[in-house]
Amino acid sequence: MIDYFDMGRWKDVSKISCNLLVGIGLYYKLPYGDLVRFTAGANVSFNPIMEGYYVYHLTDSYGTFSVKNDFIYTQLSYIHTFNFLKAKKYLKRQEYSFSSKKERRKKIIDLLR
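So the sequence shown is numbered by numbering that gives the first Met the number 0: it starts at 0 and just counts up by one.
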């Protein structure tokens, strides 16, 4: 059996690893009380996660490698709070009477504000 490739890797677990995680976000409240959230951020690694070496025996080439975990991210979320349904049930318990659905919806939106 011919060994074409050899690799060694290590991680220094005796040291504490530290990363920088930064994020910022915005919330927007919809008319019915639900929320839309946009978040963006970055993670910066100060130390490599793993280091090592590789050797290709057939071509007699070799080298080293170092792996870090840096990334940026974005997130868009819709958060359903059920406030519209709660307000609708509240109005039903208070025995309000409305002449139309439009009038009832306007009262619910006023309650949510």
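The C-beta atom is built at its ideal place from N, Cα and C for all residues, glycine as well.
6 angstroms Cβ shell around Tyr52 - same chain, five flanking residues per side excluded: Gly7, Thr63
Specify whether the segment 64-80 and the segment 26-41 touch according to this definition: at least 3 beta carbon pairs, one from each stretch, less than 8 angstroms apart. yes
Below 7 angstroms between beta carbons: does that hold for Ser76 and Pro47? Not closer than 7 angstroms, so no.
Check the DSSP bridge columns for Ala39 and list the partner residues they point to. Ile23, Thr73
At the level of alpha carbons, what is the spacing between Ser60 and Lys67? A straight-line Cα-Cα distance of about 23 angstroms links Ser60 and Lys67.
Secondary structure at Tyr89, three-state DSSP: helix, strand or coil? Here DSSP, grouped into helix, strand and coil, assigns Tyr89 to helix.
Report back the beta-carbon spacing between Val21 and Tyr27 to the nearest angstrom; my notes put them in contact at under 8 angstroms. Their Cβ separation, rounded to whole angstroms, is 22 angstroms, which puts Val21 and Tyr27 out of contact at 8 angstroms.
Residue range of the alpha helix (DSSP H) that Glu50 falls in? Here Glu50 belongs to no alpha helix (DSSP H); instead the beta strand (DSSP E) covers 49-55.
Assuming Arg8 is part of the beta strand (DSSP E), what are its boundary residues? 4-9 is the span of the beta strand (DSSP E), which, as asked, contains Arg8.
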